[in-house]
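Colleague: Below is a structure I'd like to ask you about.
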Amino acid sequence: MPSEPSFDALVIGGSYAGLSGAMQIARSGRPICILDSGQPRNRFAAHSHGFFGQDGQAPRQMIAQAGADLARYPNVTFMNTRAIIASREDDGFSVITERGETLHAQKLLLAYGVVDILPEISGLKERWGVTALHCPYCHGYEVKGEQLGVLSVGPLSTHQALLISDWGPVTFFLNGQPQPDALTLAKLSRRGVKIETGLVTALEGDCPALSGVRLEHLS
Ligand SMILES: Cc1cc2nc3c(=O)[nH]c(=O)nc-3n(C[C@H](O)[C@H](O)[C@H](O)COP(=O)(O)OP(=O)(O)OC[C@H]3O[C@@H](n4cnc5c(N)ncnc54)[C@H](O)[C@@H]3O)c2cc1C
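Everything in the sequence shown is counted per the UniProt record's numbering, starting at 1 for the first residue and increasing by one.
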C-alpha cells in the first residue's frame, strides 16, 4: 500500500492569507502542500481595494497570480479540495480531505477565512459585493457621495453608521435592533444620520442596482 503523503507544512486555505504564508514557507525550500476549496469570501466583488500595488484588481486574478508565483517552486503542491478533519499526531498533524486522502505535516497553517451569514432580507444575497457591501474602506470610495444605508445587525452597527457618514448621507435602518441611547442619538444627529425604525423586508431596484428599501413598520 502506498504511504500517505507527508509535508513539512500544510496550508488550509489558498487565498490571500494562505498564499501569502505559503510563499514564505516555499522560500525556505521545505515541502509544502496548499489545500483550497475555491470559495474566497470576496468572490462576489469584481474588484479588491486597498492592497499594496494591486488596488482595484479582480480578486480571482490576484489569487491566480499568487498561485502562479508559488507554482514556480518545485517544493509546492496544490490540492483543490476541502480539508474536513485535522488531528494532532505525535510529531505533527494529519488532515483528511473530502476526497478521502490523508495527508501528514509537521506544521499546519489555518488560513480558511470566514463565511458571511447574511440576514434573511429579500434581494440582499443577489446584491452582495456589488451594491450591498461589508466595508467602507474596501468599497466606500466607489460610492462616495451617494445615498447610503447602514443595516443594524448589533451594537457595533451604530459605530458603522457614524463612520460611514464620512462617505455620504446615511440612513441607519434599525431593523428591530434597539434604539441607540440619547448620547449616541445626538452623535448620529450631528453627523446627519437619519434613523429608520421599521423592519427591512426587501431591497428594491433593478438588481444588482439598489434604488430603495422596503420597510414594514412596527406597531
Ligand atoms: C464582498 C466582499 C468584498 C471584499 N473586498 C475587499 C477589499 O476590497 N479589500 C480587502 O482588503 N478585503 C476585502 N474583503 C475582505 C476579504 O474577503 C479578504 O480581504 C480576503 O478574502 C481575506 O483573505 P483570506 O485568505 O483570509 O480568506 P478568503 O479569501 O476567504 O480565503 C479562504 C480560502 O480558504 C478556503 N477554505 C475554507 N475552508 C477550507 C477547508 N476546510 N479546506 C480547504 N480550503 C478551505 C476557501 O475556499 C477560500 O478559498 C471583502 C469581503 C467581501 C465579502
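The beta-carbon is built from N, C-alpha and C at its ideal position, and this holds for glycine as well.
(1) For ligand 2, is there any heavy atom lying closer than 8 Å to the beta carbon of T158?
(2) I need the straight-line Cα distance from G18 to A111, nearest angstrom please.
(3) Only counting the same chain, and skipping five residues up and downstream in sequence, which positions put a Cβ closer than 8 Å to that of F44?
(4) For I32, which residues does DSSP report across the bridge?
(5) How many angstroms separate the CA atom of T184 from the CA atom of P169?
(6) Go through the region 136–199 residue by residue and report every complete run of the alpha helix (DSSP H) that reaches 4 residues or more, in order.
(7) May I have the straight-line CA-CA distance separating L218 from V200, to the nearest angstrom?
(8) DSSP three-state label for S94, please.
(9) With distances taken from CA atoms, which of E216, L10, D181 is nearest V95?
(10) Do F93 and A86 have their CB atoms nearer than 9 Å?
(11) Going by the CB atoms, is the gap between E101 and E4 shorter than 9 Å?
(12) Excluding the 5 residues flanking C207 on each side, which residues of the same chain have their C-beta closer than 8 Å to its C-beta?
(13) Cβ of G14 within 9 Å of Cβ of I63?
(14) Can you give the Cα-Cα distance for P180 and L148, rounded to whole angstroms?
(15) Is the region 148–163 in contact with the region 40–56, if contact means three or more CB pairs nearer than 8 Å?
(16) Taking the alpha-carbon positions, what's the A161 to L109 distance?
(17) Please report the straight-line C-alpha distance between E204 and D69, rounded to a whole angstrom.
Modeller: In short, the structure shows the following:
(1) Looking at this structure, you won't find ligand 2 anywhere; what it does contain is ligand 1.
(2) Against the sequence shown, residue 18 aligns to sequence position 18. Against the sequence shown, residue 111 aligns to sequence position 111. Taking the straight line from one Cα to the other gives about 5 Å.
(3) Sequence index remark: in the sequence shown, residue 44 carries index 44 (1-based). Same-chain partners within the cutoff: W128, G129, V130.
(4) Looking up residue 32 in the sequence shown gives position 32. In DSSP, I32 forms a bridge with A9, V76.
(5) Counted from its first residue, the sequence shown places residue 184 at position 184. Counted from its first residue, the sequence shown places residue 169 at position 169. For T184 and P169, the distance between alpha carbons rounds to 17 Å.
(6) 136–139, 157–164, 182–190
(7) As a position in the sequence shown, residue 218 is number 218, starting the count at 1. As a position in the sequence shown, residue 200 is number 200, starting the count at 1. Their backbone Cα atoms lie some 11 Å apart in a straight line.
(8) One-based indexing of the sequence shown puts residue 94 at position 94. The answer is strand: DSSP assigns S94 an E or B state.
(9) Walking along the sequence shown from the start, residue 95 turns up at place 95. Closest by alpha carbon: L10.
(10) Counted from its first residue, the sequence shown places residue 93 at position 93. Counted from its first residue, the sequence shown places residue 86 at position 86. Yes; because the gap between Cβ atoms is below 9 Å, this pair is in contact.
(11) Position 4 of the sequence shown, counting from 1, holds the residue named residue 4. Position 101 of the sequence shown, counting from 1, holds the residue named residue 101. The answer is yes: Cβ separation under 9 Å.
(12) For the purposes of this step, residue 207 is identified with residue 207 of the sequence shown, where counting begins at 1. Excluding residues within five positions, the ones whose Cβ falls inside 8 Å are G123, E126, R127.
(13) If you number the sequence shown from 1, residue 14 lands on position 14. If you number the sequence shown from 1, residue 63 lands on position 63. G14 places its beta carbon less than 9 Å from that of I63.
(14) One-based indexing of the sequence shown puts residue 180 at position 180. One-based indexing of the sequence shown puts residue 148 at position 148. For P180 and L148, the distance between alpha carbons rounds to 19 Å.
(15) no
(16) Indexing the sequence shown from 1 puts residue 161 at position 161. Indexing the sequence shown from 1 puts residue 109 at position 109. Distance from the CA atom of A161 to the CA atom of L109, rounded to whole angstroms, is 35 Å.
(17) Counted from its first residue, the sequence shown places residue 204 at position 204. Counted from its first residue, the sequence shown places residue 69 at position 69. Computed Cα separation, rounded: 42 Å.
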